[in-house]
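Enquirer:
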Amino acid sequence: MYVASFIIGIAATFLIGPDLVNTGQASQSFLILQVLISFALGFAGAWWFFATPSIVPSAISGVRFGGVAVATGFVLDFLLFIPGMLAGYTLADLASFYMETWFWFAIVLMFAGTALAGHVRARTYISPMAQL
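According to my numbering, the sequence shown holds residues 4 to 135 in order.
Rendered as structure tokens:
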């Protein structure tokens, strides 16, 4: 999901053309697109995750999946930021990104997407033991 979000974000940036460094200057339509992408990717990732018959889907399990995805994203963001620090970026640049309201709104909607996918999958889930 992280890589897909990254690639889609880059494609949207080239199509819409906002400033890559300062999200405060990005257009509102670009930010709304990014938030919707977060929801869609969260839903799609959880939908795929719950396709495994041995994993029992539920909204709570979807939220847990979202938590793992967000934690992984934070770790990958930090690891990818380290080369940027060598190029002159500071932790303040990374912190300013994380302090954006749109960023946190996207995180909340990503959790909503993963929870919704778990809830919808739970409605049609058939236990592997029931198939015996």
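For each residue, glycine too, the CB sits at the ideal point set by N, CA and C.
The model shown is predicted, which means the values in this text are computed figures rather than measured ones.
1. Assess contact between the stretch 80-94 and the stretch 51-71, defined as three or more Cβ pairs (one per stretch) separated by less than 8 Å. Is contact present?
2. DSSP three-state label for residue 59, please.
3. In angstroms, rounded to a whole number, what distance separates the CA positions of residue 123 and residue 37?
4. Find the nearest neighbour of residue 114 within the set 102, 98, 57, 73, judged by alpha-carbon distance.
5. Take residue 75 as the anchor and find which of 92, 110, 60 has the nearest alpha-carbon.
6. Grab me the residues of residue 2's own chain with a C-beta within less than 7 Å of its C-beta, minus the 5 sequence neighbours each way, in chain order.
7. In the structure shown, what three-state DSSP assignment does residue 102 receive?
8. Could you give the C-beta distance for residue 60 and residue 118, rounded to a whole number, given that I count them as a contact under 8 Å?
Expert: Once the coordinates are examined:
1. no
2. coil
3. 24 Å
4. 73
5. 110
6. Residue coverage of the chain in this structure runs from 4 to 135, which leaves residue 2 outside it and unanswerable.
7. The answer is coil: DSSP assigns residue 102 none of H, G, I, E or B.
8. Actually they do not touch by this definition, with Cβ atoms about 10 Å apart.
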